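*Asks:* Count along the sequence shown from 1, add 276, and you get the number used in this note's numbering.
Where a beta carbon is used, it is the ideal one built from N, C-alpha and C, also for glycine.
Quick caveat: nothing in here was measured; it's all calculated off a predicted structure.
The following block contains the structure, expressed as structure tokens.
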Amino acid sequence: MAWALGRLLRFYEAQMSGDVPSWSRASQAAGGWRNRSHMQDGFGPSGISVDLSGGWYDAGDHLKLHLPLGQAASTLAYGILTWESAYRTAGVWDTAVRNIDWIASYMLKCYYKNSDTPSGNAFVGDVDTDHSKWWGRPEQQPEGGAQGSTGWRPVYSITAGGRGADIAAQGVATMVGAAMLLKRPGAFANATKAALLLSRARQLFEFAKTVPGSWSPPWGSNAYSSSSYLDDMTWAAAWLCRADVDAGVATGASTACSTALSYWDQVKNSGSYDVVWDQVAGLAAVLLRDTGAGGATYTASWDGYIQSIQNRWKSSLPYTPGGLAWLTAWGSCRHSANTALVLLAAARPDGGSGPGLTADARRERHCWARKQVSYMLGDNPRSQSFVVGFKPTAGHSSPQSPHHRSASCSPNYAITCDWNNLNAAGPSPSVLLGALVGGPGQDDSYADSRGDYVKNEVAVDYNAGYTGALAACTNALITAQGACRSCVATLTSKGQDPWQCHSCGTKGYTSDATIQTACFTQCVPSAVAKGIAWACADYCEAQANVAGDPSRASQCMSCVTAGKVNSGNVWGCQSCMTGTSSSTSRATCMSCVASNLLPTWQCPQCANAGSCRRRQMRHSL
């Protein structure tokens, strides 16, 4: 878990533009390949004479596109805030906050008139120039060039009288999310910076109201055309409401909360039940549900909207044969990951759905989401992980050639990197650890080809929802977090896959800390070598087998780890749990399974008869 969360965040460090800091794990200073790049953003032809260096590159290119960038940053911040304990348990809280602080600092630059009517930068770089004229390192791309040259990086701005509330609103959401993280304890806590971000976010929100509509460039291509701005305004207002609530302001006394409810009323019947950079009403619903604003009437509205998302994704969309809910070929993983994030947030008893949602309904949401998350980590018919650098076992594959310019280049800047690298054979010379690639086709098909920008590109919005969903899957049901860490440490020290600890607390069988502790410490470390660690949770935590009884669970785990129990007869442990009538007969049955002296199927029978001695059993048969 710590590995996965940490590497998913590392991807954002590889996307850094501007003066890449030495703490970036992708930087040359830290042994990576990235260095300062596009330091002249904001200046030159079609510039605005304002320093706009910094931020994140959008995808495998070198554009800085502020609609998906803002949505990615604010979604990432929501996941960090919502599952704070998961990030702290994994030891990556400070890393997460530092990365959000980096992008928020860039947003402060972009919304450069810090008054009650700021104007805002919308877009840095030209789509056609970037996509057709330059393949290489961002560090070596020319700067300050005229239109038509490889160095042309124009700046497009939102100004008074224009349109662009969608982009401005995503900037608001990012700043507020960052402010809330910086106010929490940690190595990079900064109350002063948090106050500045909140102040600027409120100013920017007022400006967004004056530029209603979705932004579009005055010329050239728009890689991300927004279909609506009202969902973005709702998301931004929800963040401002959450900031008030966290500061102790009652929802009824918060102007921000009242404004958020007003915007929600304008999007609640939109019928947009997907979750992506262009549709964030579902994210706004869970965030507003967390605040408690509006009372029972609005709670019912949010719950209904979230349920519609669940109905669409669980029952209306096609699935790949391997179980991935599939919306479209372009970034197929991204869509289901974002939906998983919303449903996991809406399954929490401490927020999202509130205490009214039944345990079965919570489990249904969690299990669906976990299946999607697990598919992307390699739990699919191809044993294909879609996260660069993550392979659960030696038999799994992970992407090695993502569609990404700088990763396709050697860390040695003296070696030429150009369009020839796009189709060069072999893995990318620089490893883009933690990047979630686009995903499979509807038939589970996937080719690890650098030239395939549909299935194999990466993007800042791809990782955002997935990172939160992964944290939620681990955190939501793990009540024995210390035991989980111990299990991970034990397996890591033995060179075994620590991911096998994961199932003890994330399959939804039990939240009992005693049972989970036994699974983490008693069962998995001993069962891994036999290849049956999965049985610790599937057999020994399942309600049908142990009924939430720690002593029954421990008895089952003792069977799994005992004697001659292996992948061929471990099912006998489950049979002993369900096919015997007392603790004594279960113990007899399990001794029978562990000794392997009788056919496994006979063990429950002889145990119920009182003895499983080989001679007596043969005589009775």
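Give the DSSP-derived three-state secondary structure of Cys879 in the structure shown.
*Replies:* Note: Cys879 maps to helix in three-state DSSP.
*Asks:* Run through the segment 400–485 for me and flag every whole alpha helix (DSSP H) of 4 or more residues, listed as ranges in chain order.
*Replies:* DSSP runs (the alpha helix (DSSP H)) wholly in the segment 400–485: 403–409, 441–458 and 467–485.
*Asks:* Once you ignore the five residues that flank Asp406 on each side, which residues in its own chain have a CB closer than 7 Å to its CB?
*Replies:* Cβ within range, chain order: Asp337, His338 and Leu339.
*Asks:* Run through the segment 810–876 for me and flag every whole beta strand (DSSP E) of 3 or more residues, listed as ranges in chain order.
*Replies:* Listed in chain order, there is nothing to give.
*Asks:* Buried or exposed for Ser830, please, with buried defined as at least 16 other CB atoms from any protein chain shown within 10 angstroms of its CB.
*Replies:* The residue is buried, with at least 16 neighbouring Cβ atoms inside 10 Å.
*Asks:* From the DSSP output, which residues share a beta bridge with Leu712?
*Replies:* DSSP, once it has assigned bridges, lists Val663 as partnering Leu712.
*Asks:* Among the candidates Glu482, Thr486 and Tyr505, whose CA atom is the shortest distance from the CA of Ser492?
*Replies:* Nearest of Glu482, Thr486 and Tyr505 to Ser492, Cα basis: Tyr505.
*Asks:* Please name the residue, chosen from Tyr815, Gly807 and Lys806, that lies closest to Gln792 on a Cα-to-Cα basis.
*Replies:* When only C-alpha atoms are compared, the closest one is Tyr815.
*Asks:* Return the residue from the list Asp773, Thr486, Asp522 and Ala740 that minimises the CA-CA distance to His611.
*Replies:* Closest by alpha carbon: Ala740.
*Asks:* Excluding five sequence neighbours on each side, which residues of the same chain lie with their C-beta closer than 7 Å to the C-beta of Lys647?
*Replies:* Taken in chain order, the residues that qualify are Gly599.
*Asks:* For a test of the three-state rule: what should DSSP assign to Lys340, helix, strand or coil?
*Replies:* Here Lys340 sits in strand by DSSP.
*Asks:* Say whether the segment 530–540 touches the segment 430–441, bearing in mind that this needs 3 or more beta-carbon pairs closer than 8 Å, one atom from each stretch.
*Replies:* Short answer: they don't touch.
*Asks:* Can you give me the C-alpha to C-alpha distance between Asp636 and Ala885, rounded to a whole angstrom?
*Replies:* Their Cα atoms are separated by approximately 37 Å.
*Asks:* So, helix, strand or coil for Arg891, using DSSP?
*Replies:* Residue placement at Arg891 is flagged as unreliable, the pLDDT there being 42, under the threshold of 50; a coordinate-derived value is accordingly withheld.
*Asks:* In or out: Trp495 buried (at least 16 other Cβ within 10 Å) or exposed?
*Replies:* Looking at its Cβ environment, which holds fewer than 16 other Cβ atoms inside 10 Å, Trp495 is exposed.
*Asks:* Exposed or buried, which one is Lys459 when buried takes at least 16 other CB atoms within 10 Å?
*Replies:* So Lys459 ends up on the buried side.
*Asks:* Apart from the five residues just before and just after Ala302, which ones in its own chain have a Cβ nearer than 6 Å to its Cβ?
*Replies:* Cβ within range, chain order: Glu289, Ala290, Gly308 and Arg310.
*Asks:* Measuring straight from C-alpha to C-alpha, what distance separates Ala670 and Ser659?
*Replies:* If I take the Cα positions, the gap works out to 10 Å.
*Asks:* What span of residues does the alpha helix (DSSP H) with Thr615 cover, start to end?
*Replies:* First-last of the alpha helix (DSSP H) with Thr615: Ser608 to Ala621.
*Asks:* Report buried or exposed for Ala622, applying the criterion of at least 16 other Cβ atoms within 10 angstroms of its Cβ.
*Replies:* With 16 or more other Cβ atoms within 10 Å, it is buried.
*Asks:* Can you check whether the C-beta of Asp507 is within less than 8 Å of a C-beta belonging to chain C?
*Replies:* Here chain C cannot be found, since the structure has a single protein chain.
*Asks:* Go ahead and pull the three-state DSSP assignment for Ser673.
*Replies:* Strand at Ser673.
*Asks:* With hydrogens ignored, establish whether the beta-carbon of Gly702 is closer than 7 Å to any heavy atom of the ligand SAM.
*Replies:* Inclusion of the ligand SAM in the displayed structure is not the case, the ligand content being empty and no account of it being possible.
*Asks:* Buried or exposed: Ser325, going by 16 or more other Cβ atoms within 10 Å of its Cβ?
*Replies:* Classification of Ser325: exposed, given that the 10 Å Cβ count is below 16.
*Asks:* Is it right to say Cys643 is buried, meaning 16 or more other beta carbons lie within 10 angstroms of its own, or is it exposed?
*Replies:* With fewer than 16 other Cβ atoms within 10 Å, it is exposed.
*Asks:* Would you mind reading off the limits of the alpha helix (DSSP H) that contains Val647?
*Replies:* The sequence as given places Lys at residue 647; Val does not occur at that position. From DSSP, the alpha helix (DSSP H) with Lys647 extends over Ala635 to Met652.
*Asks:* Rounded C-beta distance between Gly412 and Pro418? I'm assuming under 8 Å.
*Replies:* Incorrect: roughly 10 Å between the Cβ atoms, too far for contact.
*Asks:* Would Asp719 be called buried (16 or more neighbouring beta carbons within 10 Å of its own) or exposed?
*Replies:* Exposed.
*Asks:* On the premise that Thr837 lies in contact with Ala803, defined as a C-beta separation below 8 Å, what is that separation, rounded to the nearest angstrom?
*Replies:* Between Thr837 and Ala803 the Cβ distance is about 6 Å, and since that is below 8 Å, they are a contact.
*Asks:* When you compare each of His680, Met652 and Pro678 to Lys667 by their alpha carbons, which one comes out closest?
*Replies:* For Lys667, the nearest C-alpha among the options comes from Met652.
*Asks:* For the candidate residues Arg476, Ser433 and Ile443, whose alpha-carbon lies nearest to that of Ala454?
*Replies:* Checking every option, the nearest Cα to that of Ala454 belongs to Arg476.
*Asks:* With 16 other CB atoms within 10 Å as the buried threshold, where does Pro594 fall?
*Replies:* Under this definition Pro594 is an exposed residue.
*Asks:* Among residues of its own chain, excluding the 5 on either side of Ser433, which ones have a beta-carbon nearer than 8 Å to its beta-carbon?
*Replies:* Counting only Cβ-Cβ distances below 8 Å, and skipping sequence neighbours, we find Ile324, Ser395, Gly396, Asn397 and Ala398.
*Asks:* Near Gln776, which residues of its chain fall below 7 Å by C-beta distance, leaving aside the five closest residues on each side in sequence?
*Replies:* Here the set comprises Leu767, Val800, Val804 and Ala809.
*Asks:* Quick one: using the 10 Å Cβ neighbour count with 16 as the cut-off for buried, is Ile379 buried or exposed?
*Replies:* So Ile379 counts as buried.
*Asks:* By DSSP's criteria, Val220 is part of a beta bridge. Which residues make up the other side?
*Replies:* Outside the shown range of the chain, which is 277 to 897, sits residue 220, and nothing can be said about it.
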